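Peer 1: Sharing a structure here in structure tokens format.
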Amino acid sequence: MSQNPITLLSDVKTFFTMTRSIVQGKYKMPWKTFFWVLLCAVYFLSPVDLLPDILPVLGFADDGAFILFVLLLIHKDLEDFRRVNQQRDSIIEAEVVDENPKNDNKKID
5 MSQNPITLLS DVKTFFTMTR SIVQGKYKMP WKTFFWVLLC AVYFLSPVDL LPDILPVLGF
65 ADDGAFILFV LLLIHKDLED FRRVNQQRDS IIEAEVVDEN PKNDNKKID
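For what it's worth, my numbering labels the leading residue of the sequence shown as 5, then goes sequentially.
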């Protein structure tokens with residue numbers, strides 16, 4: 005379940021893109037993922053932490069560790085969102101052309 009740093013950075017970027025799509029009503033987040041993301045936001049914004057934020061470096065380490073934990077938990081959902089977005093972006097617009105146009109303006113002799 006370990007991820008490399010590049011995958012984690014990609015997940016962070018995808019998370020914000022997914023959040024924007026959810027707010028715009030273009031994507032529905034699974035409830036389990038919503039729960040973890042909400043819990044992560046509450047923990048991050050809460051003044052009550054395992055390690056107080058006033059401690060240099062260590063104060064934010066528990067927040068960062070929890071965020072990484074949540075990213076690992078929702079990684080599959082983020083991959084699913086990326087896959088859905090790639091499929092949506094790969095749809096090519098096409099124009100239907102009538103192979104046998106009616107020639108109403110021509111006179112037949």
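Glycine included, C-beta positions come from ideal geometry on N, C-alpha and C. These numbers were taken from a predicted model, which means no experiment stands behind them.
1. With H, G and I counted as helix, E and B as strand and the rest as coil, what does DSSP make of K32?
2. So which of L76, L77, T18 has the shortest CA-CA distance to N89?
3. May I ask you to report which of helix, strand or coil DSSP gives V41?
4. Note down, in chain order, each residue of its chain lying with its Cβ closer than 7 Å to the Cβ of L13, except the 5 sequence neighbours on either side.
5. Taking the alpha-carbon of K30 as reference, which of T37, M22, K36 has the nearest alpha-carbon?
6. When we look at the beta-carbon of I78 and count the other beta-carbons within 10 Å, is it buried (16 or more) or exposed?
7. Looking only at its chain, what residues have a beta carbon closer than 7 Å to the beta carbon of D66, apart from the 5 residues adjacent to it on each side?
8. Using a 10 Å radius around the Cβ and a threshold of 16 neighbouring Cβ atoms, would you call V74 buried or exposed?
9. Quick one, are the C-beta atoms of F38 and F70 less than 9 Å apart?
Peer 2: In this structure, then:
1. Position 28 of the sequence shown, counting from 1, holds the residue named residue 32. It is coil, neither helix nor strand.
2. Within the sequence shown, numbered from 1, the residue matching residue 89 stands at position 85. Taking only the C-alpha atoms, the option nearest N89 is T18.
3. Stepping through the sequence shown from its first residue, residue 41 is reached at position 37. Helix, per DSSP.
4. For the purposes of this step, residue 13 is taken as the residue at position 9 of the sequence shown. None.
5. As a first step, residue 30 must be located in the sequence shown, where it is residue number 26. For K30, the nearest C-alpha among the options comes from M22.
6. Numbered from its first residue, the sequence shown carries residue 78 at position 74. Its Cβ being crowded by 16 or more others within 10 Å, I78 is buried.
7. If you number the sequence shown from 1, residue 66 lands on position 62. Around D66: D53, L54, L55.
8. Along the sequence shown, one-based indexing puts residue 74 at 70. Flag for V74 reads buried.
9. For the purposes of this step, residue 38 is taken as residue 34 along the sequence shown, with counting starting at 1. For the purposes of this step, residue 70 is taken as residue 66 along the sequence shown, with counting starting at 1. For F38 and F70, no; Cβs fall outside 9 Å.
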